[in-house]
Amino acid sequence: MPQQSNGGASESAISGVSEMTDPLVTKLQTWLTKFVALLPNLAVAFIVILVAFLVAGLVQRGVRTLMESVSDYAHANDLVATIARIGVILAGFFIALSILKLTGVVATFLAGAGVIGLALGFAFQDIAANFISGFMLAIRRPFHDGDIIETNDYLGRVDEINLRTTVIDTFRGQRVIIPNKEVMGNPIVNYSQRGMRRIDLSCGVAYGDDLEKAKRVALETVEGIEYRDESRDVDLYYNEFGDSSVNFVIRFWVEFTAQTDYLRAQSDSIMRLKRAYDDADVTIPFPIRTLDFGVVGGEKLNEVLPRSMYRENGEPSADASPEAEQAQSS
Numbered sequence: 318m319p320q321q322s323n324g325g326a327s328e329s330a331i332s333g334v335s336e337m338t339d340p341l342v343t344k345l346q347t348w349l350t351k352f353v354a355l356l357p358n359l360a361v362a363f364i365v366i367l368v369a370f371l372v373a374g375l376v377q378r379g380v381r382t383l384m385e386s387v388s389d390y391a392h393a394n395d396l397v398a399t400i401a402r403i404g405v406i407l408a409g410f411f412i413a414l415s416i417l418k419l420t421g422v423v424a425t426f427l428a429g430a431g432v433i434g435l436a437l438g439f440a441f442q443d444i445a446a447n448f449i450s451g452f453m454l455a456i457r458r459p460f461h462d463g464d465i466i467e468t469n470d471y472l473g474r475v476d477e478i479n480l481r482t483t484v485i486d487t488f489r490g491q492r493v494i495i496p497n498k499e500v501m502g503n504p505i506v507n508y509s510q511r512g513m514r515r516i517d518l519s520c521g522v523a524y525g526d527d528l529e530k531a532k533r534v535a536l537e538t539v540e541g542i543e544y545r546d547e548s549r550d551v552d553l554y555y556n557e558f559g560d561s562s563v564n565f566v567i568r569f570w571v572e573f574t575a576q577t578d579y580l581r582a583q584s585d586s587i588m589r590l591k592r593a594y595d596d597a598d599v600t601i602p603f604p605i606r607t608l609d610f611g612v613v614g615g616e617k618l619n620e621v622l623p624r625s626m627y628r629e630n631g632e633p634s635a636d637a638s639p640e641a642e643q644a645q646s647s
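Under our numbering, the first residue of the sequence shown carries the number 318, and numbering increases by one thereafter.
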């Protein structure tokens, strides 16, 4: 009887263990069956991901080559190529998940990415605007490294063009970093693009001088300026009757590779014109002022000053001012 009792206990224990493990075994068998059934899809998904990586590398090189043909900005070219590569890889992962029938994961991921992208867009909108402006500058190429430009009230040579900023070295030795958004949103003057620049030189001659002679001397003088573009004529136009002179502007073009070319040609033209007018007896007058005294005018200075400042003989007294003495002597 005791042996039968022990045998029954063992059978009960085995039965209990079986009841506990059977669901687990069944579950494992189900998973194994599904895994085996999924093996073809897994193989296809793996191949899709592998092909996506290979295609991404080709796309990256192709996009970089394409960007280099339209943009000189290496940073922008590399970034666009990298973004294209990541996009192809993500597309491959999404296709692989769809093959594995994990569309719910894809939808959840896309929804989360959309929310995160929206939040980041609001938080970094200025940075994003600068990046987008950097891409536009890379595509449009209004200027290049080394060009002399003027933008946002700064004149200087372009030293560096990044995705977010443009760096300009001014001719006063300052280094200015301008956000690309400001560069794109304001006028840009590129002095280096055409390699030429016009000099407008204003001057004037006395009313008593021969205007035809003054014009002829000025044109002959400026035509010999160094750096002048000989394919363009020198133009001179009288444009104003000034207080002390008949004013004119003389215009000519010079070759422009550096700011010093413009300044040197301008300075040389001023010195040559002054020397030529001196040799030709053409006067460049300085401002002349005629002083008229009295309420209605027409009176001399000594007539309107207090009589006490003069002696009886008309000579200035001891306490008279230097102005009175000068007026008396005149």
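Where a beta carbon is used, it is the ideal one built from N, C-alpha and C, also for glycine.
Short Cβ contact (8 angstroms threshold) for residue i with residue j
{"i": "Tyr544", "j": "Ala593", "result": "no"}
{"i": "Met501", "j": "Leu454", "result": "yes"}
{"i": "Gly409", "j": "Ile366", "result": "yes"}
{"i": "Thr468", "j": "Asn503", "result": "yes"}
{"i": "Phe448", "j": "Leu419", "result": "no"}
{"i": "Val475", "j": "Thr483", "result": "yes"}
{"i": "Lys571", "j": "Asp550", "result": "According to the sequence as given, residue 571 is Val; it is not Lys. For Val571 and Asp550, no; Cβs fall outside 8 angstroms."}
{"i": "Gln377", "j": "Ala398", "result": "yes"}
Pairwise C-alpha distance: residue j and residue i
{"i": "Arg515", "j": "Leu553", "result": "13 angstroms"}
{"i": "Phe565", "j": "Glu557", "result": "7 angstroms"}
{"i": "Arg395", "j": "Asp470", "result": "Residue 395 is actually Asp in this sequence, not Arg. When rounded, the distance between both Cα atoms is 31 angstroms."}
{"i": "Ile456", "j": "Ile485", "result": "20 angstroms"}
{"i": "Glu369", "j": "Phe573", "result": "In the sequence under discussion, the amino acid at residue 369 is Ala, which differs from the Glu named in the question. If you take the alpha carbons of Ala369 and Phe573, they lie about 51 angstroms apart."}
{"i": "Leu407", "j": "Ala362", "result": "13 angstroms"}
{"i": "Asp464", "j": "Pro604", "result": "40 angstroms"}
{"i": "Glu540", "j": "Asp517", "result": "14 angstroms"}
{"i": "Ser561", "j": "Gly525", "result": "10 angstroms"}
{"i": "Thr382", "j": "Phe569", "result": "42 angstroms"}
{"i": "Ser647", "j": "Ile542", "result": "Low local confidence applies: a pLDDT of 47 at Ser647 is under 50, so the model's placement there is unreliable, and no value is given."}
{"i": "Arg492", "j": "Met384", "result": "28 angstroms"}
{"i": "Ser461", "j": "Val380", "result": "Going by the sequence as given, residue 461 is His instead of Ser. Roughly 21 angstroms separates the two Cα atoms."}
Spatially closest choice to residue i from the options, by CA coordinates
{"i": "Thr538", "options": "Ile587, Ala428 and Ile406", "result": "Ile587"}
{"i": "Ser415", "options": "Ala446, Ala428 and Leu359", "result": "Leu359"}
{"i": "Ile505", "options": "Phe488, Arg549 and Pro459", "result": "Pro459"}
{"i": "Ile478", "options": "Ile495, Thr468, Gln510 and Thr600", "result": "Ile495"}
{"i": "Leu472", "options": "Phe488, Phe363, Asn503 and Gln442", "result": "Phe488"}
{"i": "Val522", "options": "Val372, Ala424 and Val563", "result": "Val563"}
{"i": "Ala393", "options": "Ala373, Gly451 and Gln442", "result": "Gly451"}
For residue i, the first and last residue of its enclosing alpha helix (DSSP H)
{"i": "Tyr579", "result": "Gln576 to Asp596"}
{"i": "Asp443", "result": "Gln442 to Arg457"}
{"i": "Asn497", "result": "Asn497 to Met501"}
{"i": "Leu528", "result": "Leu528 to Val539"}
N- and C-terminal bounds of the beta strand (DSSP E) containing residue i
{"i": "Leu472", "result": "Tyr471 to Ile478"}
{"i": "Val563", "result": "Val563 to Glu572"}
{"i": "Val551", "result": "Segment: none, Val551 is in no beta strand (DSSP E) and carries neither H nor E."}
With 16 other Cβ atoms within 10 Å as the buried cut-off, status of residue i
{"i": "Arg402", "result": "buried"}
{"i": "Leu590", "result": "buried"}
{"i": "Ser509", "result": "buried"}
{"i": "Ile466", "result": "buried"}
{"i": "Arg533", "result": "exposed"}
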